[in-house]
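One line per chain: the protein sequences are X and Z, in this order. Counting from 1, one number per residue, gives the positions in the first sequence under my numbering. Counting from 1, one number per residue, gives the positions in the second sequence under my numbering.
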Amino acid sequence: MGIINRSKLSGWLDISQSVSGVVLAIFLWTHLILVSSILLGAEAMTWVAKTMELSFLTADGHGYPWVVTIIAMVIAVIALIHVLVAAHKMPLNLRQQRALKQQLNVVSHGDTRLWVWQAATGVVIFLLLPVHLWLIGAAPETIGPYGSADRIWQQGVWLLYLPLLLCVELHAAIGMYRVAVKWGAARDLNSRSRMKKIKSIISVIFILVGIASLLAFLPYANV
Amino acid sequence: MSQEAKKGRMLTFNIFRYDPQEPGDKPKMVKYQLEETPGMTVFIALNRLREEQDTSLQFDFVCRAGICGSCAMVINGFPTLACRTLTTKYPKGDIMLMPLPGFELIGDLSVNTGKFMRELAERLKLWLHPISDDIDVHRLEAPMDPAEAAKLYELERCVECGVCVSACATAQMRDTFVGAVGMMKLARFELDSRDGRELEDFYHVIGNQDGVFGCMTLLGCQDNCPKDLPHMQQIAYLRRKMAVTLV
């Protein structure tokens, strides 16, 4: 017998979906706040980037850029777990997809449409996130106002970042709302609708901050 | 006031028609017009349509008071009880009626929810399993704590109309998914101090992807239940209880 009782596996899977999702969402929001340091100027962002590379541990202040690579790898593993578990809930065969389409046509329901958005953005993230993680994980030393600006605007990676930003901020906020409701954080319908409102506000704020940050890199490009 | 002014507005019903028993019949939407009367419900309108315009129209009803759960159907995109839906709710006067999805179609708006509910009850064992097998009719029953009784009563209000199953995209995608009605009823026995089943026994029937761990919290059940049962809280409660058995 393994560590996990086989009959308990579906329970563990559901919990790992919630836990991995929450961890990824918290990371995502922290990550965006750190990146948005560019809004305060090049110095602020350099400081954040260096601190993330643990520069305070080295005498010359260069730090260890591979720390970022390790973070990228850990996130990749958590995201992979999240994808594998969440895939159980997706309509994968044609019969299920037809049933879902039929359901959306016949029954009008907001939270179901919200889930369709979550599933669709999830697929987009599944395609785009590996590229982002590879770009960052393979060249951690380039993170900084000038290196990042060059990547985003000179090398055209904004074409990746913009859709990824939109999808991930929708997916994470909807997911956090769903996890909260799923495990019983909403005591009544009022607190549920309050949570739903907060979720939308979070999405909008982070998308705006993200776009502002992308634009803030513009002056540092072209050099 | 003239006779003309008293006339109600004209309602347009767009009704799904299909009789699986009739060879060669194809599913179609058929339009009917009916003058609105004061206090008219969709249920009253359907009876008048059948009486005055089309005797072949099939739909279910028994109590006309939201107690039997027979007249559930999809009204303008919302699964609900026809007898509790006033036609005045629709300012444009256009009412589209579809049978509840996810159930065997008997004909037109009539679906076989009974078959589904019976199979569900047998599968999940939705009846009281007394703590002791020793049955003695002469023994006095132990009194129940009023708070517990009130809690159970709240969940007992389910009329098995099938709306929660129809409103659930998960149930539509997975035939074997128990739906909110199954979890609601099981939660009721889990809360019942007279029931001898342990958490492990409940886990055995709903601790899987056809039960609480397959539910995606889309909350169609919660948002459409005509009896306003607390599906959201009950499913979350059951999920937490099942998660506790993991450790």
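All C-beta atoms, glycine included, are put in the ideal place defined by N, C-alpha and C. Note that the structure is a prediction, hence the values are computed from the model and not measured.
The beta strand (DSSP E) enclosing residue i, as first and last residue numbers
i, result
"Pro23/Z", "It is not in any beta strand (DSSP E) - Pro23/Z carries neither H nor E in the DSSP assignment."
"Leu152/Z", "No beta strand (DSSP E) holds Leu152/Z; the alpha helix (DSSP H) holding it covers Pro146 to Glu156."
"Gly107/Z", "Leu105 to Gly107"
"Phe248/Z", "Outside the shown range of chain Z, which is 1 to 247, sits residue 248/Z, and nothing can be said about it."
"Ala72/Z", "Ala72 to Ile75"
Exposed unless 16 or more other CB atoms sit within 10 angstroms - verdict on residue i
i, result
"Gly110/X", "exposed"
"Ile239/Z", "Residue 239/Z is actually Arg in this sequence, not Ile. The residue in question, Arg239/Z, is buried, as its Cβ has 16 or more Cβ neighbours within 10 Å."
"Met73/X", "exposed"
"Leu114/X", "buried"
"Tyr153/Z", "exposed"
"Gln118/X", "buried"
"Ser18/X", "buried"
"Gly102/Z", "buried"
"His129/Z", "exposed"
"Gly220/Z", "buried"
"Met73/Z", "buried"
"Ser2/Z", "Caution is warranted here: a pLDDT of 49 is assigned to Ser2/Z, below 50, making its placement in the model unreliable, and no coordinate value can be reported."
"Pro91/Z", "exposed"
"Pro79/Z", "buried"
Residue i, DSSP secondary structure in three states
i, result
"Glu35/Z", "strand"
"Phe202/Z", "helix"
"Lys197/X", "helix"
"Ser55/X", "helix"
"Ile15/Z", "strand"
"Asp195/Z", "strand"
"Ala171/Z", "helix"
"Leu100/Z", "coil"
"Thr245/Z", "coil"
"Pro130/X", "helix"
"Ala65/Z", "coil"
"Ile202/X", "helix"
"Met40/Z", "coil"
"Ile143/X", "coil"
"Val212/Z", "coil"
"Asp94/Z", "strand"
"Val124/X", "helix"
"Ser110/Z", "strand"
"Leu39/X", "helix"
"Met29/Z", "strand"
"Leu86/Z", "strand"
First through last residue of the alpha helix (DSSP H) which encompasses residue i
i, result
"Pro79/Z", "Run containing Pro79/Z: none in the alpha helix (DSSP H); it sits in the beta strand (DSSP E), Phe78 to Leu81."
"Ile131/Z", "That residue, Ile131/Z, is in no alpha helix (DSSP H); it is neither H nor E in DSSP."
"Phe27/X", "Leu9 to Val35"
"His82/X", "Trp66 to Ala86"
"Glu119/Z", "Thr113 to Leu124"
"Arg98/X", "Leu94 to Val106"
"Lys182/X", "Trp158 to Lys182"
"Gly8/Z", "Gly8/Z -> no alpha helix (DSSP H), and no H or E assigned at all."
"Cys221/Z", "Gly220 to Asn224"
"Ser166/Z", "Val163 to Ser166"
Residue-chain proximity (residue i, chain Z), Cβ-Cβ < 7 Å
i, result
"Gln17/X", "no"
"Arg178/X", "yes"
"Pro65/X", "no"
"Val107/X", "yes"
"Gln154/X", "no"
"Ala87/X", "no"
"Thr112/X", "yes"
"Pro219/X", "no"
"Ala173/X", "no"
Short CB-CB distance (under 7 Å) between residue i and chain X
i, result
"Ala167/Z", "yes"
"Asn112/Z", "no"
"Phe116/Z", "no"
"Gln209/Z", "yes"
"Thr80/Z", "no"
"Val74/Z", "yes"
"Met262/Z", "Lying before the first or after the last residue shown, residue 262/Z is absent from chain Z, which here runs from 1 to 247."
"Phe213/Z", "yes"
"Thr217/Z", "yes"
"Met171/Z", "Contrary to the premise, residue 171/Z reads as Ala rather than Met in this sequence. Ala171/Z does not count as touching chain X."
Distance between beta carbons of residue j and residue i, contact taken as under 8 Å
i, j, result
"Pro140/X", "Val68/X", "4 Å"
"Ala169/Z", "Leu218/Z", "5 Å"
"Leu164/X", "Leu128/X", "5 Å"
"Arg194/X", "Val181/X", "Arg194/X to Val181/X, Cβ: 11 Å. No contact."
"Leu214/X", "Leu162/X", "7 Å"
Any non-hydrogen atom of the ligand COA within 6 Å of residue i CB
i, result
"Val19/X", "The ligand COA is absent from the structure shown, which contains no ligand whatsoever."
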